[in-house]
Amino acid sequence: MIKAKESMRRQFPKLGHSALITLVILLGLIGGTLVLRQQEVDALRQEIKHREGLIRQSPAKETASDPWLMDDVLLVMDKCIKTFKEENLAVSSYHLEGIFEGEANPSFLHFALTRLEVQGAWSGIERGLTRIETMPQGGVHVEEAVLAEDGGKILLKIFFFEPDNLS
């Protein structure tokens with residue numbers, strides 16, 4: 007009986023050490039994952055601060071050129087239509103679906119959704135959309151493009167600054 011107790015005493019410390027080592031490894035893995043996630047969050051925060059600093063440093067007129075002011079939305083729509091016409095496409099209809107607040111900073115950046123119905127070849131539509139998205143002033147993104155045999159319907163997202171919030 008005494009020998010049985012002694013052998014149990016010898017085994018329990020081994021089990022205790024194994025459990026302790028397993029616990030340390032597990033905590034190390036969890037801690038390492040948390041550190042990596044925290045570094046990702048910090049990097050995103052630094053990027054946001056950097057971009058906000060760039061916006062704050064540039065004067066209102068410079069900032070307003072990329073993207074545009076609310077007053078420029080109709081002019082941008084006309085530029086988009088002109089771009090499609092240059093690609094030998096017919097714009098049968100277009101309308102402004104709405105003006106919305108931006109997701110990132112609702113008090114500063116807004117966007118307008120514009121729906122266009124375009125008739126013509128798909129290759130022309132693709133070239134037109136590429137030209138629109140790569141306009142020098144930027145701020146126009148293709149939100150949706152549904153193509154049919156003879157053309158398609160396109161939803162454009164035009165970003166702009168709210169004039170009241172630039173000061």
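Letter by letter, the sequence shown follows residues 7 to 173 of our numbering. We put the CB at the ideal spot given by N, CA and C, even for glycine. Just so you know, these numbers come straight off a predicted model, no measurement behind them.
Residue i to residue j, Cα distance in whole Å?
i: Ala66; j: Glu168; result: Per-residue confidence for Ala66 stands at a pLDDT of 47, beneath the threshold of 50, marking its modelled position as unreliable; the derived number appears in the next sentence. Approximately 11 Å between the Cα atoms of the pair.
i: Ala70; j: Phe166; result: Residue placement at Ala70 is flagged as unreliable, the pLDDT there being 42, under the threshold of 50; a coordinate-derived value is accordingly withheld.
i: Glu68; j: Ser129; result: Any reading at Glu68 needs caution, since the residue's pLDDT is 45, under 50, leaving its predicted position unreliable; the model's value is listed next. Roughly 35 Å separates the two Cα atoms.
i: Ile160; j: Gly34; result: 51 Å
i: Ser99; j: Gly144; result: 23 Å
i: Val124; j: Ile36; result: 54 Å
i: Arg57; j: Glu107; result: 19 Å
i: Val146; j: Thr120; result: 10 Å
i: Ala25; j: Glu46; result: 32 Å
i: Met141; j: Asp156; result: 26 Å
i: Gln52; j: Ile131; result: 38 Å
i: Gly22; j: Gln44; result: 32 Å
i: Leu32; j: Thr39; result: 11 Å
i: Trp74; j: Ile54; result: 21 Å
i: Leu81; j: Val41; result: 48 Å
i: Glu150; j: Arg62; result: 32 Å
i: His101; j: Gly59; result: 35 Å
i: Ser29; j: Ile105; result: Here residue 29 is Leu; the residue named in the question, Ser, does not match the sequence. If you take the alpha carbons of Leu29 and Ile105, they lie about 55 Å apart.
i: Gly158; j: Lys91; result: 14 Å
With residue i as the anchor, note down where its beta strand (DSSP E) starts and where it stops.
i: Thr136; result: Run containing Thr136: none in the beta strand (DSSP E); it sits in the alpha helix (DSSP H), Trp128 to Glu139.
i: Gln125; result: Leu115 to Gln125
i: Glu149; result: Val146 to Ala154
From the beta carbon of residue i, is the nearest beta carbon of chain D less than 8 Å away?
i: Gly134; result: In the structure shown, chain D does not exist; there is a single protein chain.
At what residues does the alpha helix (DSSP H) containing residue i begin and finish?
i: Glu93; result: That residue, Glu93, is in no alpha helix (DSSP H); it is neither H nor E in DSSP.
On the premise that residue j lies in contact with residue i, defined as a C-beta separation below 8 Å, what is that separation, rounded to the nearest angstrom?
i: Leu162; j: Leu122; result: 7 Å
i: Arg133; j: Glu103; result: With a Cβ gap of about 24 Å, Arg133 and Glu103 do not count as contacting.
Measure the CB-CB distance between residue i and residue j and report whether it falls below 8 Å.
i: Ala96; j: Gly126; result: yes
i: Val79; j: Ala49; result: no
i: Val148; j: Glu139; result: yes
With distances taken Cα to Cα, identify the nearest neighbour of residue i among the options.
i: Lys85; options: Arg137, Ile31 and Thr28; result: Arg137
i: Leu135; options: Ile164, Ile105, Thr89 and Met76; result: Thr89
i: Ile164; options: Met76, Gly158 and Leu29; result: Met76
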